Amino acid sequence: MDPNTMVILKEWKKKQKQEYLILAFNTMQTKQLVFSNELNEYLQPTKTSKWIVHVQNKYGLGTITTHGLRHTHCSLCKKRVLVLRKYRIF
Numbered sequence: 001m002d003p004n005t006m007v008i009l010k011e012w013k014k015k016q017k018q019e020y021l022i023l024a025f026n027t028m029q030t031k032q033l034v035f036s037n038e039l040n041e042y043l044q045p046t047k048t049s050k051w052i053v054h055v056q057n058k059y060g061l062g063t064i065t066t067h068g069l070r071h072t073h074c075s076l077c078k079k080r081v082l083v084l085r086k087y088r089i090f
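Per the numbering used here, the sequence shown starts with residue 1, numbered consecutively.
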């Protein structure tokens, strides 16, 4: 992952630790989920769809599914890697 994403995830982990500590959840376990529900359990698969629809409605964006968003992200990552390889200095 790129350094910016890692910084964001580290900040999220810190915030998650603080919020779950108030709820008496141990987030120091080795298998701690990155994104969990209010009970520190797996999110329901429909949760991401609801988030996407909320953002689309709030900002007047076009429609995209969770699956479509994942494919778009992969395509953008692949394109970026190709651009970086083009300018790589050997």
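For each residue, glycine too, the CB sits at the ideal point set by N, CA and C.
Keep in mind that this is a model prediction, so the values were computed, not measured.
Query                                                                                                     : Result
Is ILE64 helix, strand or coil by DSSP?                                                                   : coil
Does the ligand SAH have a heavy atom nearer than 7 angstroms to the CB of THR63?                         : The model on display carries no ligand, and the ligand SAH is accordingly not part of it.
At which residues does the alpha helix (DSSP H) containing GLU11 begin and terminate?                     : 3 to 22
Taking ASN57 as part of the alpha helix (DSSP H), name the residues at either end of that continuous run. : 46 to 59
Using only CA atoms, which one of THR5, GLN56, ILE8, LYS47 lies nearest to ASN37?                         : LYS47
Please state if the CB of LEU76 and the CB of ILE52 are separated by a distance shorter than 8 angstroms. : no
Could you compute how far the alpha carbon of LEU43 sits from the alpha carbon of VAL34?                  : 10 angstroms
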